């Protein structure tokens, strides 16, 4: 009888835990940075400003591409990560995708804010002394273009970045599983697990916080960070799943993220761009050799 009771209690515990996790993920879905701003104010009052850390993603979180080509949705489409729109063989870019294509489009492309109040919110957090940094899956190779678009949209992450435990400036640039760099409040991780990257940078700086607020538009990143910190009872950790760009796009497209027309345009835009570049710069036109040496 006791054994049966134990099994029942164990089953209930598992079920309740699963429900709580599901509710947490659901409750953390937001469509406006006002929710983030409100929580920053609440946690700052509860723990003190010096004990609060805000970590934000960039693509489709702080900023979004002005055109589809080169944007986050285009990237996921090219990698076959969007179920309702798999690129055809003709549409899929195979040659030098990581070596040349992504970097080229970052340099050429421009971005806009996902929420016009974001610069105001971030500036206020920084003025108050809240530690803020951006955590992106982009490679350190694209730092210049990334920083350019942030600054152009009124976001300067160098004002109150994560520092060393002694208060000195933290600057890192080295290879873990892949290239990683941190400078001026911008951490670039080349697609590595964001939960691991947060733990790494905090360990490297020696800094600890009582409250951490993480904002990202990627379900994978949300899961990775949640898994990393779900059992850490020393940190009041809030994960916000920022779904505004995807939601708005699906509404505009009748329920799908990419329409066939949009897919055709992205492919046509790339073909037109490469044709122009190869005509003006014929040295780029090599099927077996990338422009970038690595």
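Residue numbers (the UniProt record's numbering): 1 to 294.
Virtual Cβ for every residue (Gly too), placed ideally from N, Cα, C.
In this text the structure is predicted, and so the values were computed from the model without any measurement.
So what does residue 300 bridge to, in DSSP terms? The displayed coordinates of the chain run from 1 to 294. Any statement about residue 300 would go beyond what the structure contains.
On the DSSP letters alone, give me the boundaries of the alpha helix (DSSP H) that residue 197 sits inside. 194 to 205
What is the DSSP secondary structure of residue 160, counted as helix, strand or coil? coil
Inter-residue spacing [alpha-carbon to alpha-carbon] between residue 250 and residue 31: 13 Å
C-alpha gap between residue 98 and residue 76, whole angstroms: 13 Å
Nearest to residue 40 by alpha carbon, out of 175, 238, 64 and 110? 238
Status (buried if at least 16 other CB within 10 Å, exposed otherwise) for residue 160: buried
What separation, rounded to the nearest whole angstrom, lies between the Cα atoms of residue 121 and residue 281? 43 Å
In or out: residue 305 buried (at least 16 other Cβ within 10 Å) or exposed? Nothing about residue 305 can be read from this structure; the chain reaches only from 1 to 294.
Output needed for residue 220: all residues of its chain with C-beta closer than 7 Å, excluding positions within five of it in sequence on either side, in chain order. none
Residues bridged to residue 239 by DSSP? 214
Distance between residue 78 and residue 86 (C-alpha atoms, nearest Å): 8 Å
Cross-strand partners of residue 37 (DSSP beta bridge): Partner(s): none; residue 37 has no beta bridge.
In the DSSP assignment, find the unbroken alpha helix (DSSP H) run with residue 273 in it and report its ends. 260 to 280
Run through the DSSP bridge pairs and tell me what residue 133 is partnered with. 55
Stretch pair the region 149 to 165 + the region 175 to 194: three plus CB contacts closer than 8 Å: yes
Residue from 236, 153 and 270 with nearest C-alpha to residue 46: 236
So residue 172 and residue 204 are in contact, right, with Cβ under 8 Å, and what is the actual spacing, rounded? 7 Å
Cβ of residue 244 within 8 Å of Cβ of residue 114? yes
If you measure between the beta carbons of residue 142 and residue 106, is that distance less than 8 Å? yes
If I'm right that residue 52 touches residue 211 with Cβ under 8 Å, what's the distance once you round it to whole angstroms? 5 Å
If I measure Cβ to Cβ from residue 128 and keep anything under 8 Å in the same chain, skipping five residues before and after, which residues do I get? 44 and 49
If you check the beta carbons only, do residue 213 and residue 240 fall under 8 Å apart? yes
Do residue 224 and residue 195 have their C-beta atoms closer together than 8 Å? yes
When you compare only the Cα positions, how much space is there between residue 216 and residue 206? 24 Å
List the endpoints of the continuous beta strand (DSSP E) containing residue 175. 172 to 175
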